[in-house]
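Here is the structure we will look at, set down as structure tokens.
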Amino acid sequence: MSEGRIYNFSAGPAVLPEEVLREAAAEMLNYRGCGMSVMEMSHRSKMFEEIINEAEKDFRELLNVPENYKVLFLQGGASQQFAAVPMNLMKHGVADYIVTGRWAKKAFEEAQKYGKANKIASSEDKTFTYIPDCSDLPISPDADYVYICENNTIYGTKFWQLPNTKGKILVSDVSSCFLSEPIDVKKYGVIYGGVQKNIGPAGMVISVIREDLITDDVFPGTPTMLKWKTQADENSLYNTPNCYCIYICGKVFKWIKNMGGLEAMKKHNEKKAKILYDYLDNSKLFRGTVVKKDRSLMNVPFVIGDDAMEKKFIAEAKAAGFENLKGHKSVGGMRASIYNAMPIEGVEKLVQFMEKFEKENR
Ligand SMILES: *Cc1c(COP(=O)(O)O)cnc(C)c1O
Numbered sequence: 007m008s009e010g011r012i013y014n015f016s017a018g019p020a021v022l023p024e025e026v027l028r029e030a031a032a033e034m035l036n037y038r039g040c041g042m043s044v045m046e047m048s049h050r051s052k053m054f055e056e057i058i059n060e061a062e063k064d065f066r067e068l069l070n071v072p073e074n075y076k077v078l079f080l081q082g083g084a085s086q087q088f089a090a091v092p093m094n095l096m097k098h099g100v101a102d103y104i105v106t107g108r109w110a111k112k113a114f115e116e117a118q119k120y121g122k123a124n125k126i127a128s129s130e131d132k133t134f135t136y137i138p139d140c141s142d143l144p145i146s147p148d149a150d151y152v153y154i155c156e157n158n159t160i161y162g163t164k165f166w167q168l169p170n171t172k173g174k175i176l177v178s179d180v181s182s183c184f185l186s187e188p189i190d191v192k193k194y195g196v197i198y199g200g201v202q203k204n205i206g207p208a209g210m211v212i213s214v215i216r217e218d219l220i221t222d223d224v225f226p227g228t229p230t231m232l233k234w235k236t237q238a239d240e241n242s243l244y245n246t247p248n249c250y251c252i253y254i255c256g257k258v259f260k261w262i263k264n265m266g267g268l269e270a271m272k273k274h275n276e277k278k279a280k281i282l283y284d285y286l287d288n289s290k291l292f293r294g295t296v297v298k299k300d301r302s303l304m305n306v307p308f309v310i311g312d313d314a315m316e317k318k319f320i321a322e323a324k325a326a327g328f329e330n331l332k333g334h335k336s337v338g339g340m341r342a343s344i345y346n347a348m349p350i351e352g353v354e355k356l357v358q359f360m361e362k363f364e365k366e367n368r
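Next up, the structure:
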């Protein structure tokens with residue numbers, strides 16, 4: 007790690023691979039001899055066309071995206087898709103939502119503006135510390151889709167098994183587990199994620215949408231920009247996209263490919279999470295807050311159970327170079343987000359620090 011850099015456990019915007027940042031820095035003033043920065047070039051230029059095409063190609067390769075799915079680089083973040091999903095998909099005005107956290111709840115509330123959104127399962131009764139059994143849910147016969155948030159960034163839970171949608175289209179917000187492991191794209195109608203958790207800078211969402219779901223038959227009054235067909239017809243270049251973000255994401259895709267792709271990424275992430283969870287399970291001071299079988303590999307919430315002691319821990323950790331360990335304001339305690347770009351030694355050193363803190367404060 008470079009001099010002066012800290013270990014950043016932020017939930018998002020989050021840590022990026024240092025190699026990527028260094029490469030971008032080297033290309034900042036003069037991108038590949040064109041005499042300007044990527045920030046300064048036309049999104050209609052040949053140079054940028056190559057950047058976006060290569061980014062899409064690498065993304066498709068990594069996630070093994072089938073031919074009949076479009077990959078869109080869109081603005082407005084993941085939150086914008088909370089509205090775009092019902093606007094584009096609620097042909098019968100009905101959808102079923104599984105509410106496993108704050109982001110799923112926000113999506114559910116947004117969908118109610120455009121049709122009948124049903125909450126068919128929830129884990130709110132236990133502060134979202136588990137994933138409900140989704141093997142036999144009361145799926146609405148006329149539902150246009152079933153919606154999940156696959157990795158719950160704030161609460162640290164993850165769907166390790168997709169819900170049985172009884173033949174309905176599955177829509178998944180994968181913001182905080184995007185490209186952290188291989189997935190079978192064919193099982194979904196729509197996958198989308200804000201890139202600032204695991205892939206790049208903030209302000210963009212990547213949506214992977216099955217082609218037959220991209221139509222002119224959208225909610226009346228849907229803004230041109232929110233209609234997937236507008237964006238798909240123009241290859242994400244209907245208007246000026248977030249060019250620099252696409253460029254950085256492209257570099258992160260190359261970085262993941264160099265690391266060995268998503269299988270290797272998954273192993274890397276499992277290894278890191280195990281180091282932290284094993285320690286939490288044996289600690290007499292700290293404990294994880296999530297039902298074990300539903301634990302996320304990306305976001306690890308934990309508590310001491312004593313406000314003053316938690317404040318002390320967060321302050322001392324910060325002083326020691328471990329940043330952004332404070333839990334989300336809605337849950338308190340601590341949370342370590344250990345996305346793709348967090349190196350193993352970052353987690354090892356955090357655990358060493360926690361061990362030391364435990365010895366000093368028991
Ligand atoms: C961060 C996050 C969002 C919101 O992303 P924005 O890009 O800020 O809109 C949505 N869903 C999940 C799961 C998230 O982690």
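Residues in the sequence shown are numbered from 7 upward in steps of one, following the working numbering.
For glycine and all other residues, C-beta sits at the position ideal for the given N, C-alpha and C.
Proximity below 8 Å, CB of F328 to CB of Y13: yes
Sub-8 Å separation of P169 and V152 beta-carbons: yes
Endpoints, beta strand (DSSP E) assigned at R341: 340 to 343
Bridge-paired residues (DSSP) for R301: Within the DSSP bridge table, the entry for R301 names T163 as partners.
S51, DSSP secondary structure in three states: coil
Interface flag, T171 vs chain B, CB-CB below 8 Å: No chain B is part of this structure, which consists of one protein chain only.
Between the CA atoms of G195 and I215 - distance to the nearest angstrom: 6 Å
Inter-residue spacing [alpha-carbon to alpha-carbon] between D148 and K52: If you take the alpha carbons of D148 and K52, they lie about 46 Å apart.
Of the listed residues M315, P19, E55, nearest to S242 (C-alpha basis): E55
Whole-Å CB distance - C155 paired with G206, under 8 Å assumed: Between G206 and C155 the Cβ distance is about 20 Å, and since that is not below 8 Å, they are no contact.
Validate contact between the region 297 to 310 and the region 181 to 189 using beta carbons, cut 8 Å, 3 pairs: yes
Closer than 7 Å: A84 CB and nearest ligand 1 heavy atom: Because some heavy atom of ligand 1 lies under 7 Å away, the Cβ of A84 counts as near it: yes.
Status (buried if at least 16 other CB within 10 Å, exposed otherwise) for K233: buried
Between the CA atoms of E130 and I104 - distance to the nearest angstrom: 11 Å
Inter-residue Cα distance where the pair is K144 and I126: Sequence inspection shows Pro at residue 144; the Lys mentioned does not correspond to that position. C-alpha separation (whole angstroms): 6 Å.
Start-to-end residues for the beta strand (DSSP E) that takes in G199: 196 to 200
Proximity test, V105 beta-carbon vs ligand 1 heavy atom, cut-off 7 Å: no
Same chain, Cβ closer than 7 Å to F209, neighbours up to 5 away in sequence not counted: Correcting the residue identity first, residue 209 is Gly in this sequence and not Phe. Result list for G209: Q81, G83, N248, C251, in chain order.
Cβ-based neighbour list, E364, same chain, cut-off 8 Å, excluding 5 preceding and 5 following: S289, K290, L291, F292
Residue from A89, W109, A325, D102 with nearest C-alpha to E116: A89
Beta-carbon proximity of S186 to N346, cut-off 8 Å: Their beta carbons are under 8 Å apart, which means S186 touches N346 by this criterion.
V91 beta carbon near ligand 1 (any heavy atom closer than 7 Å): Flag unset: Cβ of V91 not near ligand 1.
Test item: CB-CB of F225 and A61 under 8 Å: no
Assigned secondary structure, R38 (DSSP; H/G/I helix, E/B strand, else coil): helix
Option nearest V309 by Cα separation, candidates A323, K332, K298, A326: K332
Alpha-carbon spacing of D255 relative to K132, whole angstroms: Note that residue 255 is Cys in the sequence shown, not Asp. C-alpha separation (whole angstroms): 36 Å.
G200 Cβ short of 7 Å to ligand 1 heavy atom set: yes
Every unbroken alpha helix (DSSP H) inside the region 238 to 279 [4 residues or more]: 249 to 265
Q118 - DSSP class collapsed to helix/strand/coil: Coil, per DSSP.
Under the three-state DSSP convention, the category L168 falls into: coil
Whole-angstrom distance between K317 and F359, CA atom to CA atom: 15 Å
Residue interval of the beta strand (DSSP E) (run including G142): Looking at the sequence shown, residue 142 is not Gly but Asp. Where D142 is concerned, there is no enclosing beta strand (DSSP E), given that its DSSP letter is neither H nor E.
N-terminal and C-terminal residue of the alpha helix (DSSP H) that S16 is part of: Where S16 is concerned, there is no enclosing alpha helix (DSSP H), given that its DSSP letter is neither H nor E.
Same chain, Cβ closer than 8 Å to R368, neighbours up to 5 away in sequence not counted: K290, L291
Residues bridged to Q358 [DSSP beta-bridge criterion]: For Q358, which the question treats as bridged, DSSP gives no partner whatsoever.
beta-carbon K164 near ligand 1 non-hydrogen atom, thresh 7 Å: no
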